[in-house]
Each structure stands twice: as C-alpha cells, then as structure tokens.
Amino acid sequence: MPEFTVNRRSLLLAGLGAAGAGLLAACSDAPAAPPLVDPSGSPVARAEAARRATGRERPVTVTAAAATVDLGGGTTARTWTYGALPGTAIRTTAGDTLVATLDNRLPVPTTLHWHGLALRNDMDGVPPVTMRPVAPGDRFTYRFVTDRPGTYWFHPHVGVQLDRGLYAPLIVEDPREPLGYDEEWVVVLDDWLDGVTGTPDQAFAELRGGMGGSGGHAGHGGPGPAPAAGGGSSFMLMGATSDLLGGDAGDVRYPHHLVNGRTAADPEVYRSAPGRRVRLRIVNAGGDTAYRLALGGHRLTVTHTDGYPVRHEEVDALLVGMGERYDVLVTLQDGVFPLTALAEGKNAAGRALVRTGAGGGPAVTDRPAELNGRILAATDLRAADEVRLPGRAPDRTHRIELTGGMARYDWALNGRPFDMADPTAHPFLVGDGERVRLEFVNRTAMWHPVHLHGHTFQVGAEGPRKDTVIVLPGRTVVCDFDADNPGRWMTHCHNAYHGEAGMMGLVAYRA
Ligand code: C2O
Ligand code: CU
C-alpha cells in the first residue's frame, strides 16, 4: 500500500469497514468547512496567467530510480536518485515555462515538489492536497512559469523520501543579473544514511517507537541492509546539542555528511584562480541536520537567502537549516582551502575543497577558524529594498504553535498532527489579497526549520524574505506575506522526520 495513505485515520476507517466510515461521517458534528480554492480552479489559472512569461519552454525529464552511488573514499550506497547525486541542476531563465516530466521508476509512488517557488498550486507536487502521487511506472508532466530568479531546489513530497538521494537544485537565472562574478558553484549539503545504516523509512519507524524494522509504519522500504549492530537504536541520536540551535540539535544519526554527494574523505574539488570572484549557491537538502558553513581563509558576502536579495553582509560562517538556501560572493585567495559544512551539534562535518594554487590541502579533520568567527543567522539579515514588503497591518493572523517532543515523537502544529487522509480538516484560512501574519511559536525543546509553500514571507518588519526559517526553542518568529497565490499550501517543519510525524499544516485560500 502506498505509504501516503497509511496513517491513523485510514487504519481506523479500515477497521470500521465502509459502513462504519459512513456512520462516522454522518455523526460528525463538525461545522461545515468553508469552500476552498481548488488547486486547479480558475483563481489558480488566473494567477498563473498574470505571471510574467516569455513563452519560452524549458523541457526536462527527471527519472527517479534505484541506483548505487559512489560517495567517495570507498563508500558506495544503494539508494534512490534522480540519475546522479545530487540530481543535475535544472536551470531556467526567469519567465521560462518549465516543462518537467517525472518518470517514476521507483517501486513506490512519488512526486516532485519545487521548493520555494511561487508556482501554480496544482504543480506543487503535494499528494493528496494538490495531486495524486505518480505511481511506479507512470509519468507526470509538471508545467509552470518560473518568474522569480533565485536559488531553489526540488525533492519528493511523499513520506521521508527526501532523506534518500532524491534532490536537485533548480536555478532560475536573472536575465538582468545585477551581481558581477566570474564563476558560479552550487553547493548542496546533505546528511546521509540511506543504504549505509539502513533506510529513512527504518529510521522513521525507530523514531516513532517501532523496532527499527523493515515494515513498521511506512512499510514500503523493502529489504534494505540490516541496521548497524546495537539493536533497537541504530538511528536515534541522543545528546546532540548546539548553542546556536538553542539546545537539542537533531534526532537522527548519520554516518556521512555530504557536499555535492561526496564524503569529507574524498571531496569535490572546485578549481579556480586567485582573485576570481565566485557566487556560491548553497542548499541544505538534509533531513535532520543544520550545517555551519565556512570557507577557510575567506569571508563570505551574503547576497540572497531563499532566492531573494538581502542587504549584503560580510560574515565568516552561515547557519543553514534544512530547506534553506544562501547565495554568497567570495573573492578567492591563493592556495587550497576547505569549504567545511559542520553538522551543527553532531560533532561531524562534510566538506569540499577549493583549489586555486599549489599545496596538499588541509587534513580531513582541519576545522577552519572561520567556523567560530561571525556566524550569520537569517534573522541578522534585512531584505533588500526592492523586495521589502510594503508596511501594512495584517488582515489576518494565525498563531501556529510548534508542539510535541522527541520521546513520544508526536511533533505537530497546535497539538494536532496533520492528517494526510483528511488534509483540509483544519486549514489556516486566508483570503485572496490579504496581508497574512503567521506567528510561529516554538513550544518544544528543539529547533525547527519552518517552511511555507507557494509564498515568500518576510521575517519580522524588515527582515529577509524567506520561505524557510529557523525557529529556536521557546522563541516566536513572525512572518508576513501577501496572499497573492491562490490554492492550498503546506506549511511544515522541514525536518523530514518531524514533518512526517505530523508537524504540518495547510494554509488554504477561501473560494
Ligand atoms: Cu521542501 Cu514541503 O517542502
Ligand atoms: Cu521540526
């Protein structure tokens, strides 16, 4: 059975049988829900027609399939990829229509979700909210205008598939690029366990209190490598702490941290020359790890986060939560330098190397001093003038408490785990044209990278425009956005395991 239909409610209904389910519906005393904009309704088509489009089409095929990947240093892993690890970046120029065919050769249903894009709702790739999942052996063609330049990425929106090798960058280029640089490098960070210590489904089952088996909750993982020795806790990580993250840093133990699909022992090498100016487009594709990123011997000029420009800031290191992106400029020195992604609070790191001159290069264990210099968090940034939301009082405020904990693994919003079988049961309603405020209040003992689909909110009054923002334990982050993209949009923790456990909700436009 496809994992997306397996949850408490469908099991309950299965137990009651069809007659029982009908009875349950008939007895329901819930107030009638207001009608919502349909994901492929006319408001969605109108919003798409209003996007600035060149008419130029960009056709691509993305094949999701099982593969054996070489992570370097003698480590190979059996996993699922989009043909490479990371998948080949898709590039469009702003205004292009992306025509992307997903060819699903996986043994399970899947989708593509275009993280960070304000796109038409029925192309958002979220089953069962915006589409049916694409069955094994089937294809689906996504077609939408990419009208905003920036650094984005894509991944499945089914179960914990994101924590396999199913991810790739999506770069929307600006035909009038205001930044000057000589080269551009994409840097994709990822925490890796798939095919090494087990599968993400096994990890999730263990976290949920199963016995780390191959069946358990999601039950589609198929036979994978046996979990590492140690019995019941192969995947669970205890005692990972970070001051930057306000305490508990993560739940999941990863044997590897990858930069562009390579382990620290056998890293990717970027070759260039001293004095060259490089734009780095940094994506955290991890499941449960924030990375502290620094380039030894260099400072970084932050120009964008989550695709949107910010007032430039010079920093030594960046804290990047799952789903977040940063663009930085750097002018290269002469030598060999580590581009180190410290797995925050987990006492491990991934890395790449930057080579512009002679030398053997730093040892794998070398940790650049910049990691402990000025470390940027998103809330230190300000939106660039041209993208700052004009001041306006919110027409509507939703207070969204992040709730739950590690022990019961009951991560939720407002105490209510999201029900994939009944996704419109408790929507956060918005109206077309409204200024909406989301107040994310973290009631848990752990940080969460909170993501909103289809929109780019502003953090606070002057902060950066973002689609994914870290909310530290005990803190509140206020996010404003203009409701200008009708449809049904997920908002959730981008920790793959927290989201799947239920820390998700639906922001839905009234019809
Ligand atoms: Cu990057 Cu709902 O996802
Ligand atoms: Cu979370």
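With the first letter of the sequence shown counted as 1, position 312 gets the number 1763 in my numbering; the numbers rise by one all the way through. The C-beta atom is built at its ideal place from N, Cα and C for all residues, glycine as well. Since the structure is predicted, the reported quantities are computational estimates derived from the model, not experimental observations.
Whose CB is closer than 6 Å to a heavy atom of ligand 1? List the residues in chain order.
His1564, His1566, His1606, His1608, Gly1774, His1902, His1904, Met1941, His1943 and His1945
Rounded to whole angstroms, what is the Cα-Cα separation between Leu1783 and Thr1807?
8 Å
Looking at ligand 2, does it come within less than 8 Å of Pro1651, judged from the CB to the closest heavy atom?
no
Are Gly1646 and Thr1519 touching if we call contact CB-CB under 9 Å?
yes
At a threshold of 8 Å, does Pro1915 count as lining ligand 4 (C-beta to nearest heavy atom)?
In terms of ligand content, the structure shown lacks ligand 4 and carries ligand 1 and ligand 2 instead.
Answer with buried or exposed for Gly1601, where buried requires no fewer than 16 other C-beta atoms within 10 angstroms of its C-beta.
buried
For Val1609, count the other beta carbons within 10 Å of its own beta carbon; 16 or more makes it buried, fewer makes it exposed. Which is it?
buried
Drop a sphere of 10 angstroms on the beta-carbon of Gly1914, count the other beta-carbons inside from all chains shown, and report buried for 16 or more, exposed for fewer.
Only buried fits Gly1914, as 16 or more other CB atoms lie within 10 angstroms of its CB.
List the endpoints of the continuous alpha helix (DSSP H) containing Leu1508.
One point to set straight first is that residue 1508 is Glu, not Leu, in the sequence displayed. Where Glu1508 is concerned, there is no enclosing alpha helix (DSSP H), although the beta strand (DSSP E) it sits in stretches over Glu1508 to Gly1523.
Can you tell me where the alpha helix (DSSP H) with Leu1658 in it begins and where it stops?
Pro1651 to Leu1658
Is the segment 1926–1946 close to the segment 1569–1585, with three or more CB pairs under 8 Å?
Contact holds: three or more Cβ-Cβ distances are below 8 Å.
Can you name the residues that DSSP bridges to Leu1621?
Ile1541 and Tyr1603
Taking Phe1869 as the reference, give the member of Met1955, Leu1853, Gly1811 and Leu1790 with the closest Cα.
Met1955
Ser1965 by DSSP, collapsed to three states: which one?
The displayed coordinates of the chain run from 1452 to 1962. Any statement about residue 1965 would go beyond what the structure contains.
Distance, Cα to Cα, Ala1448 vs Arg1802?
Because the chain is modelled from 1452 through 1962, residue 1448 falls outside the range shown and cannot be assessed.
Between Gly1809 and Leu1744, is the Cβ-Cβ spacing less than 9 Å?
Residue identity check: residue 1809 is Ala in the sequence provided, not Gly. Cβ atoms of Ala1809 and Leu1744: not closer than 9 Å.
In whole angstroms, what separates the C-alpha of Gly1772 from that of Cys1944?
11 Å
Compute every distance between the C-beta of Met1582 and the non-hydrogen atoms of ligand 2, then say whether any falls below 8 Å.
Met1582: no, Cβ never under 8 Å from ligand 2.
What is the residue span of the beta strand (DSSP E) that Glu1890 lies within?
Counting along the chain, the beta strand (DSSP E) containing Glu1890 begins and ends at Arg1886 to Asn1893.
Can you tell me which residues form a DSSP beta bridge with Gln1612?
None, per the DSSP bridge assignment.
Taking a contact to mean a Cβ-Cβ separation below 9 Å, would you say Arg1615 touches Pro1587 in this structure?
no
Excluding five sequence neighbours on each side, which residues of the same chain lie with their C-beta closer than 8 Å to the C-beta of Pro1442?
No statement about residue 1442 is possible, as the shown extent of the chain runs from 1452 to 1962 and does not include it.
Runs of 3 residues minimum, wholly inside the segment 1822–1870: which ones carry the beta strand (DSSP E) assignment?
1847–1854
For Thr1597, I'd like the list of residues in its chain whose CB is within less than 6 Å of its CB, leaving aside the five on either flank, ordered along the chain.
Hits under 6 Å: Thr1543, Asp1547, Leu1549 and Val1623.
Using a Cβ-Cβ cutoff of less than 6 Å, which residues in the same chain neighbour Val1963 once the five nearest sequence positions on both sides are dropped?
This structure leaves residue 1963 out entirely; the chain is present only between 1452 and 1962.
Does the beta-carbon of Met1954, which I'm using as the reference point, lie nearer than 8 Å to any heavy atom of ligand 2?
yes
I believe Met1941 touches Val1580 by the beta-carbon criterion, under 8 Å. Please report the beta-carbon distance rounded to the nearest angstrom.
7 Å
Measure the alpha-carbon distance for Ala1828 versus Thr1907 and round it to whole angstroms.
Cα to Cα, the separation comes out at about 18 Å.
Spatial neighbours of Ala1677 within its chain, please: C-beta separation below 6 Å, excluding the five flanking residues on both sides.
Caution applies to Ala1677, whose pLDDT of 40 falls short of 50 and renders its modelled position unreliable; the value that the coordinates give is listed next. For Ala1677, where only same-chain residues beyond five positions count, there are no Cβ hits under 6 Å.
What three-state label does DSSP hand Tyr1759 in the structure shown?
In this structure, Tyr1759 counts as strand in the three-state DSSP scheme.
Where does Ala1952 land, buried or exposed, given buried means 16+ other C-beta within 10 angstroms?
Result: buried.
Rounded C-beta distance between Arg1848 and Glu1890? I'm assuming under 8 Å.
Reading the sequence as shown, one finds Thr at residue 1848 and not Arg. About 6 Å separates the two Cβ atoms, so the contact holds.
State yes or no: is the C-beta of Arg1627 within less than 9 Å of the C-beta of Gly1758?
no
Could you spell out the range, first to last residue, of the alpha helix (DSSP H) harbouring Ala1947?
Unbroken alpha helix (DSSP H) run through Ala1947: Ala1947 to Ala1952.
In terms of DSSP beta bridges, what is Met1689 paired with?
Paired residues: none, contrary to the question.
So is Met1574 buried or exposed if we call it buried at 16+ other beta carbons inside 10 Å?
buried
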